[in-house]
DNA sequence: ATCCCTCGTGTAATCGATTCCACGAGGAGG
DNA sequence: CCTCCTCGTGGAATCGATTACACGAGGGAT
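Residue numbers (my numbering), protein chains in the order written: chain D, 382 to 742; chain F, 382 to 742.
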């Protein structure tokens, strides 16, 4: 009934609990004889240490919290997977919280994770102003931002820089003759929301193109908002020739709206997206997208966080995103099929250099 | 520095720790005056109880473990989301483990969850024989199987029954003139892997059709296996007219293989899938699929598990899946566009009745 | 032979909560 | 006025580990 505790092991091995604890933690010196008896007893009784008691005493859980923005978004799913993988390799386990792009849900999960006494927190903040996050950061909770961040905090950031890829995209579009380009933006409260618009506008400027307000759709990184924004574009007296969605779910919504109108891609209108996902290969036509090195981001984030926890000084990491040209903007795919279905094994980039130093704001 | 504990609260409120604990847990009788002072102190100090200590003492964590088969599979992602939602509503939080369809990873997570002293476990077993799962079940760990299960255990199962929908699918295919139907099966070690084949074969039999061995592809619920199986089908002297993939990722792989061959759907070959996902609406052509009431499954599973934990006696739940006809098998979608992008709001079923009683094996 | 250091080990304090038990005050009933 | 109950409260044990400290035995140096 009562599960076996360290006392039972000690009794069976004929030693004290201290000795048992010592062999289990590879601590001080224990005689080979005693160690062997303890190990045998552990094995015989099927003893597993109570992590609650252990954590209570040692004040560390070897657990990391990860709050992701939207578990239904394949990008974050892949991020979560790589995070868990790397954490496991480093001897940590991770607890997820899904914010569903809702700040109050995000805060709920952060609170819960903090209550669980996680050793560190990985966040992709759904909004810039959560007092909880600010407090935690100031209170010294080891923390790393991934994908999105909150400016002005001394918290390492691990993210992808899409500006170079966005320039490539605009060059591609311009080369195809497109001049009226629109964007569906993410929430302004997120860095990725505003940043991508800025990058897009800057890239357009290089070609002497404007980004008028009516060509900026306001989305929230969810499919429905992409659909609404696109409908609005299509009702314009002079609709855009290209719609660039700032994430993959909004691209899905855009697709939806375009199809509902009976328009054809890329003949009637072109479509491109930020974030590449396996399904973009299989839509008709395949969708041109900007791919992030998602797996690398997740791994780098975990390493930064464990560095922080274990007393080393991590740096912020910025990895380049890259443009993946498919058919949705007017050019047929170059050669053969871009048919990689699975992982990001082909993630090779031609953009800006890799890691940059941490910016202490 | 040192975080505030119950002692600090007690001191500030001028009461003993026992009293503080009592007001925090709405326990025995506490004078209104004392209660108020305690609450004020809690508020002033920003006190949060240490869940580790609490759990150690009470032997309950109000935490549920969920081990899902593959976090990159949108079906499980949606399942996870609904599970977390329902659990939160019932005052539990949940810890995920991603098995990646690998039994040893599944066991790793189950072990970790058990070590964390979760109150109950939700599993979708990646294989039928994990000794860990068997032991846990026999040891009395509250446990519920979701989606997949292991026969012969007295563990409630929450799942969808696809047999009726599969019959509908076969009727649909037969009506379109298809006679040579192939299936890409999941791993035989999973119930869903073998069950769907059986349902398919039975449905075929009703039309006097066979399911020859060479029309059964062996997959593992991952995209790559779907691709391989499909390639093998296409190399057959007499290739099938229809490929039915037993999950959505393998359907993705099938799509891939078909496109690589330069074949057109549904003209050259038809495609259908088990598990419906938002992207199926947007492929070319949209893919006919069998949709599970994923959200309901997740919620029902959590309720069954909490029933078990809190001493009530849960029943197994079987909900019907339903066929969603799109264009990938030869018929153009009935009216308008099946364009629902987001949730399963249209999940209405025409199949078998709802809940069935638990089968004590 | 004596001293001292090291090694292996056990005893007990501790982490931060919950909860059993005892106790004093005050009201009701006789 | 005395007795008995109830109510509110505090003291201290407890959950299951880790770890500081003490202690005895044995070996090397003097």
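The beta carbon of each residue, even a glycine, is placed where N, CA and C say it ideally should be.
(request) For residue 579/F, count neighbouring Cβ atoms within 10 angstroms of its own Cβ and tell me buried if that reaches 16, exposed if not. (result) Reading the second chain from its first residue, position 198 is the one you call residue 579/F. It is exposed - the Cβ of residue 579/F has fewer than 16 other Cβ atoms within 10 Å.
(request) List the residues of chain F that residue 595/D touches, going by C-beta distances under 8 Å, in chain order. (result) Your numbering for residue 595/D matches position 214 in the first chain. By Cβ distance, chain F contributes nothing, its closest Cβ being about 24 Å from residue 595/D, past 8 Å.
(message) Just to confirm, is the Cβ distance from residue 491/D to residue 444/D under 8 Å?
(response) Stepping through the first chain from its first residue, residue 491/D is reached at position 110. Stepping through the first chain from its first residue, residue 444/D is reached at position 63. No, the pair does not count as a contact, with Cβ atoms beyond the cut-off.
(message) Starting from residue 653/D, trace the beta strand (DSSP E) in both directions and tell me its first and last residue.
(response) Translated into positions along the first chain, residue 653/D becomes position 272. Start and end: 651-655.
(request) Compare the C-beta of residue 406/D against all C-beta atoms of chain F and say whether one is closer than 8 Å. (result) Working through the first chain from its first residue, we reach residue 406/D at position 25. No, residue 406/D does not count as interfacial toward chain F.
(message) Please report the distance separating the alpha-carbon of residue 508/D from that of residue 527/D.
(response) Residue 508/D sits at position 127 when you count from the first residue of the first chain. Residue 527/D sits at position 146 when you count from the first residue of the first chain. Going from the Cα of residue 508/D to the Cα of residue 527/D covers about 13 Å.
(request) Using a threshold of 8 Å, state whether the C-beta atoms of residue 523/F and residue 502/F are closer than that. (result) Numbered from its first residue, the second chain carries residue 523/F at position 142. Numbered from its first residue, the second chain carries residue 502/F at position 121. Yes, they are a contact pair.
(message) Looking only at its chain, what residues have a beta carbon closer than 8 Å to the beta carbon of residue 425/D, apart from the 5 residues adjacent to it on each side?
(response) As a working note, residue 425/D is residue 44 in the first chain. So the list reads 393, once near-sequence residues are dropped.
(request) Starting from the C-beta of residue 585/F, find all residues in its chain whose C-beta is less than 8 Å away, skip the five residues before and the five after it, and write them out in chain order. (result) As a working note, residue 585/F is residue 204 in the second chain. Excluding positions up to five away in sequence, the list reads 551, 562, 591 and 592.
(message) Which same chain residues end up closer than 8 Å to residue 719/D when comparing Cβ atoms and leaving out the 5 residues on each side of it in sequence?
(response) The residue given as residue 719/D occupies position 338 in the first chain. Note on residue 719/D: pLDDT 43, under 50, position unreliable in the model; the coordinate value appears next. 662, 667, 705 and 707.
(request) Please state whether DSSP places residue 718/D in a helix, a strand or coil. (result) Here the question's residue 718/D lines up with position 337 in the first chain. Its pLDDT being 40, under 50, residue 718/D is placed unreliably in this model, and the value from its coordinates should be taken loosely. Coil at residue 718/D, not helix or strand.
(message) Closer than 7 Å between beta carbons: that is the criterion. Which residues of the stretch 642-669 of chain F meet it against chain D?
(response) 659, 660, 663, 664 and 665
(message) Rounding to the nearest angstrom, what Cα-Cα distance links residue 793/D and residue 594/D in this structure?
(response) Nothing in the structure corresponds to residue 793/D, since chain D is present only between 382 and 742.
(request) For my contact list, residue 672/F and residue 702/F are in at a C-beta cut-off of 8 Å; report their separation, rounded to the angstrom. (result) Taking the second chain and counting its residues from 1, one reaches residue 672/F at position 291. Taking the second chain and counting its residues from 1, one reaches residue 702/F at position 321. Their Cβ separation, rounded to whole angstroms, is 6 Å, which keeps residue 672/F and residue 702/F in contact under 8 Å.
(message) To the nearest angstrom, how far is the alpha carbon of residue 618/D from that of residue 644/D?
(response) Stepping through the first chain from its first residue, residue 618/D is reached at position 237. Stepping through the first chain from its first residue, residue 644/D is reached at position 263. Computed Cα separation, rounded: 16 Å.
(request) On the DSSP bridge assignment, give the partners of residue 599/F in chain order. (result) The sequence position of residue 599/F within the second chain is 218, counting from 1. Looking at the DSSP assignment, residue 599/F forms a beta bridge with 566/F.
(message) Classify residue 738/D: buried if its beta carbon has 16 or more other beta carbons within 10 angstroms, exposed otherwise.
(response) Numbered from its first residue, the first chain carries residue 738/D at position 357. With a pLDDT of only 35 at residue 738/D, under 50, the local geometry of the prediction cannot be trusted, and no value is derived from it.
(request) Kindly say whether residue 718/F, judged by its beta-carbon, lies nearer than 8 Å to any beta-carbon of chain D. (result) In the second chain, the residue the question calls residue 718/F occupies position 337. Caution applies to residue 718/F, whose pLDDT of 40 falls short of 50 and renders its modelled position unreliable; the model cannot decide the point.
(request) Could you pull out every unbroken alpha helix (DSSP H) segment of at least 4 residues lying fully inside the stretch 534-568 of chain F, listed in chain order? (result) 544-556
(request) Could you tell me whether the stretch 447-459 of chain D touches the stretch 421-437 of chain D, using the rule of 3 or more Cβ pairs below 8 Å? (result) no
(message) Using a 10 Å radius around the Cβ and a threshold of 16 neighbouring Cβ atoms, would you call residue 519/F buried or exposed?
(response) The residue you call residue 519/F lines up with position 138 of the second chain. Burial call: exposed.
(request) Select from 399/D, 549/D, 642/D and 473/D the residue whose C-alpha is nearest the C-alpha of residue 416/D. (result) As a first step, residue 416/D must be located in the first chain, where it is residue number 35. Residue 416/D has its Cα closest to that of 399/D, out of 399/D, 549/D, 642/D and 473/D.
(message) Looking at the strands, I want to know which residues DSSP matches up with residue 477/D.
(response) Taking the first chain and counting its residues from 1, the one referred to as residue 477/D is at position 96. Residue 477/D is bridged to 447/D.
(request) Consider the Cβ of residue 459/F: report whether some Cβ of chain D lies at a distance smaller than 8 Å. (result) Taking the second chain and counting its residues from 1, the one referred to as residue 459/F is at position 78. True, the Cβ-Cβ gap to chain D drops below 8 Å.
(message) Strictly below 8 Å CB to CB, what residues from chain F border residue 700/D?
(response) Residue numbering aside, residue 700/D sits at position 319 when the first chain is read from its first letter. Those within 8 Å of residue 700/D in chain F number zero; the least Cβ separation is about 21 Å.
(message) Using only the alpha-carbon positions, how far apart do residue 478/D and residue 599/D sit?
(response) As a working mapping, residue 478/D is identified with position 97 in the first chain. As a working mapping, residue 599/D is identified with position 218 in the first chain. Those two C-alpha atoms are separated by around 26 Å.
(request) For the alpha helix (DSSP H) containing residue 574/F, list its first residue and its last residue. (result) Mapped onto the second chain, residue 574/F falls at position 193. Run containing residue 574/F: 572-586, per the alpha helix (DSSP H) assignment.
(request) Please state whether DSSP places residue 662/D in a helix, a strand or coil. (result) Start at 1 with the first residue of the first chain, and residue 662/D comes out as number 281. Reduced to three states, the DSSP call for residue 662/D is helix.
(request) Can you pull the chain D residues whose beta carbon is under 7 Å from the beta carbon of residue 476/F, in chain order? (result) The sequence position of residue 476/F within the second chain is 95, counting from 1. Correct list: 476.
(message) Against chain D, does residue 696/F count as a neighbour if the rule is that its beta carbon must be under 8 Å from one of theirs?
(response) Taking the first residue of the second chain as position 1, residue 696/F is located at position 315. It does not; no Cβ of chain D falls within 8 Å.
(message) What residue range does the alpha helix (DSSP H) around residue 685/D cover?
(response) Sequence index remark: in the first chain, residue 685/D carries index 304 (1-based). Start and end: 675-690.
(message) According to DSSP, is residue 506/D part of a helix, a strand, or is it coil?
(response) The residue you call residue 506/D lines up with position 125 of the first chain. The answer is coil: DSSP assigns residue 506/D none of H, G, I, E or B.
(message) Applying the 10 Å Cβ sphere with the 16-neighbour rule, what's the burial state of residue 549/F?
(response) Sequence index remark: in the second chain, residue 549/F carries index 168 (1-based). Buried is the call here.
(request) Examine the ligand FMN and report whether any of its heavy atoms sits within less than 7 Å of the Cβ of residue 408/D. (result) As for the ligand FMN, it is missing from this structure, which has no ligand bound.
(message) Quick check: is the beta carbon of residue 566/F nearer than 8 Å to any beta carbon in chain D?
(response) The residue labelled residue 566/F in the question sits at position 185 within the second chain. No, its Cβ sits nowhere closer than 8 Å to a Cβ of chain D.
(message) Taking the beta strand (DSSP E) that residue 669/F belongs to, which residues open and close that run?
(response) Locating residue 669/F in the second chain gives position 288, where the first residue counts as 1. Looking at the DSSP string, the run of the beta strand (DSSP E) that includes residue 669/F is 669-672.
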